[in-house]
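Notes to accompany the following structure.
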Amino acid sequence: MIRSTQGTNHIHSHQMIHTGYKPFSCAKCNISFTHLSHLKNHQMTHTGHKPFTCTECNKSFTRLSNLKKHQMSHTGYKPFTCTDFNKSFFRLSDLKTHERIHTGHKPYTCTECNKSFTQVSHLRSHQKIHAGYKPYTCTECNKSFFRLSDLKTHERIHTGHKPYTCTECN
Numbered sequence: 143m144i145r146s147t148q149g150t151n152h153i154h155s156h157q158m159i160h161t162g163y164k165p166f167s168c169a170k171c172n173i174s175f176t177h178l179s180h181l182k183n184h185q186m187t188h189t190g191h192k193p194f195t196c197t198e199c200n201k202s203f204t205r206l207s208n209l210k211k212h213q214m215s216h217t218g219y220k221p222f223t224c225t226d227f228n229k230s231f232f233r234l235s236d237l238k239t240h241e242r243i244h245t246g247h248k249p250y251t252c253t254e255c256n257k258s259f260t261q262v263s264h265l266r267s268h269q270k271i272h273a274g275y276k277p278y279t280c281t282e283c284n285k286s287f288f289r290l291s292d293l294k295t296h297e298r299i300h301t302g303h304k305p306y307t308c309t310e311c312n
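So the sequence shown is numbered by my numbering: it starts at 143 and just counts up by one.
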């Protein structure tokens, strides 16, 4: 696919996607970014700082653009409809992502293991596994996990909590 951009700054910025050059690294988790602004947005995940708050429901966001997208959810405006499920979406991109359920198309592939995904966010999340990103640490034994849900499951080893009961033998 050929991509056109507005000027030399834009083309250099765009070409970093293809070269893999990511000069800005997070000191907390070593994830790298092509732009300083992307690093700064990422760093908010460590601090929990979300300066943009919805006046309707008090949900907070790290980016103003995400707040604006969220605020549209309160209006109910969803102009894009899936003809198979009669399900509607606010953004055309959300409809296109949804339609991949029907087609099975997974356009985003991990360069490390060739696993494919329907959404780029799922690919990026998956790639953190290869980078060794494990932000959730057990306070009892210091074992770290990629997902909070995995940490919660692990913590049951220490507490002995068994939330599931066999219906056959109790």
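Note that beta-carbon positions come from the ideal geometry of N, C-alpha and C, so glycine has one too.
Cross-strand partners of residue i (DSSP beta bridge)
i: F166; result: F175
i: F203; result: F194
i: S286; result: T279
i: T223; result: S230
i: S258; result: T251
Supposed close pair residue i, residue j - CB separation, criterion 8 Å
i: S267; j: Y278; result: Incorrect: roughly 14 Å between the Cβ atoms, too far for contact.
i: S174; j: K164; result: 4 Å
i: K220; j: F231; result: 6 Å
i: L265; j: Y250; result: 4 Å
i: N183; j: T204; result: 6 Å
i: F166; j: H177; result: 7 Å
Nearest residue (CA-CA) to residue i, options the options
i: H216; options: R205, K201, D226, N228; result: K201
i: C280; options: K294, K270, Q269; result: K294
i: C168; options: T176, L181, H160; result: L181
i: T239; options: E254, T260, Y306, F227; result: T260
i: C171; options: G162, Y250, T187, T161; result: T187
i: F288; options: Y306, E297, K276; result: K276
i: G162; options: C283, V262, T253, T301; result: T253
i: N256; options: T245, E282, R242, Q269; result: Q269
i: H300; options: N284, T307, C308, C311; result: N284
Legend entry - Three or more C-beta pairs below 8 Å linking the segment 188-199 and the segment 209-223: yes
Legend entry - Complete runs of the alpha helix (DSSP H) confined to the segment 228-252 [at least 4 residues]: 234-245
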